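So the sequence shown is numbered by the working numbering: it starts at 51 and just counts up by one.
Worksheet: one structure, shown below.
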Amino acid sequence: MKPTNFTILFLLANFFLFTVGCKNTQKGNTYLPKSKEGFIAKSNLLKNNNGEKIEAQGKVFSSEGDIDGLSELSGFDNLLMNRDIFASQTVYFGFDRTEPISEDSEKVTAVANALYGSPKTKILVEGHCDERGTEEYNRALGERRALSIRDILVDKGISPNRIRTMTFGEDRPTDPNLTESAYRLNRRGEFVLLTPKPGN
Numbered sequence: 051m052k053p054t055n056f057t058i059l060f061l062l063a064n065f066f067l068f069t070v071g072c073k074n075t076q077k078g079n080t081y082l083p084k085s086k087e088g089f090i091a092k093s094n095l096l097k098n099n100n101g102e103k104i105e106a107q108g109k110v111f112s113s114e115g116d117i118d119g120l121s122e123l124s125g126f127d128n129l130l131m132n133r134d135i136f137a138s139q140t141v142y143f144g145f146d147r148t149e150p151i152s153e154d155s156e157k158v159t160a161v162a163n164a165l166y167g168s169p170k171t172k173i174l175v176e177g178h179c180d181e182r183g184t185e186e187y188n189r190a191l192g193e194r195r196a197l198s199i200r201d202i203l204v205d206k207g208i209s210p211n212r213i214r215t216m217t218f219g220e221d222r223p224t225d226p227n228l229t230e231s232a233y234r235l236n237r238r239g240e241f242v243l244l245t246p247k248p249g250n
């Protein structure tokens with residue numbers, strides 16, 4: 051049986067509707083990294099877990115290249131990045147969940163309290179996923195996780211102007227093994243303290 055013009059037109063119309071209808075142009079303030087490279091830095095504005103001041107040195111959070119769209123972020127240029135100070139405050143998520151596990155709510159409160167006591171600091175919240183799911187899905191899930199933590203910080207009194215979010219999806223696993231315990235460690239949200247360079 052030879053297809054009619056109507057049948058071909060019908061199939062093309064459905065194809066067009068499906069492809070256009072599935073396009074998702076979600077906008078937010080979560081930025082994708084250009085590379086998987088991490089940054090470790092130190093700052094003199096807060097103290098470490100032993101109560102000692104941390105020396106000021108480290109990687110500069112700049113508008114010139116580490117994060118797509120960063121040049122649009124007013125007030126987030128030339129800040130020192132400190133991954134260490136909130137390392138013990140990493141929060142974890144259940145499988146395919148966007149809210150932190152209940153045991154980790156105190157960690158977010160501790161970060162909010164530290165930020166509240168140091169008003170010149172800012173924070174970068176990173177969302178991470180385990181390796182299950184597609185890369186695109188995990189990027190979106192990492193974004194929702196970072197935004198969920200951001201919302202908690204805002205609810206605790208931190209200005210949204212002091213918070214930026216980033217998703218790494220599945221790109222930066224804590225544990226590269228494909229086990230349930232590794233997956234639990236990889237479903238996480240991390241905090242990176244951003245501080246002005248000394249003299250600013």
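Backbone N, C-alpha and C fix where the C-beta goes; we use that ideal spot for every residue, glycine too.
Note that the coordinates shown come from a computational prediction; the quantities given were computed from them, not determined experimentally.
Backbone secondary structure at residue i - three-state DSSP
i    : result
K97  : Note on K97: pLDDT 46, under 50, position unreliable in the model; the coordinate value appears next. Note: K97 maps to strand in three-state DSSP.
E176 : strand
G219 : strand
P210 : helix
R237 : coil
Q139 : helix
D205 : helix
Beta-carbon proximity of residue i to residue j, cut-off 8 Å
i    : j    : result
V161 : R200 : no
G177 : T140 : no
T148 : K206 : no
F145 : R237 : yes
F241 : I173 : yes
S188 : E230 : Residue identity differs from the one stated: residue 188 is Asn in this sequence, not Ser. No, they are not a contact pair.
E181 : L235 : no
A263 : G239 : No answer is possible for residue 263: it lies beyond the span of the chain, which begins at 51 and ends at 250.
Integer-rounded CB distance, given that residue j should sit under 8 Å from residue i
i    : j    : result
T171 : L243 : 6 Å
Y142 : D154 : 6 Å
N132 : K247 : Contact flag wrong, Cβ pair sits at about 12 Å.
Residue burial classification, residue i (beta-carbon count within 10 angstroms, cutoff 16)
i    : result
K157 : buried
L130 : buried
S198 : buried
E135 : Per the sequence shown, the amino acid found at residue 135 is Ile instead of Glu. It counts as buried.
P169 : exposed
P150 : buried
E186 : exposed
G249 : exposed
P223 : buried
Identity of the residues DSSP links to residue i by a beta bridge
i    : result
T184 : Beta-bridge pairing links T184 to no other residue.
N132 : L243
F270 : This structure does not reach residue 270, given that the chain is present from 51 up to 250, and the question cannot be answered.
P150 : F143
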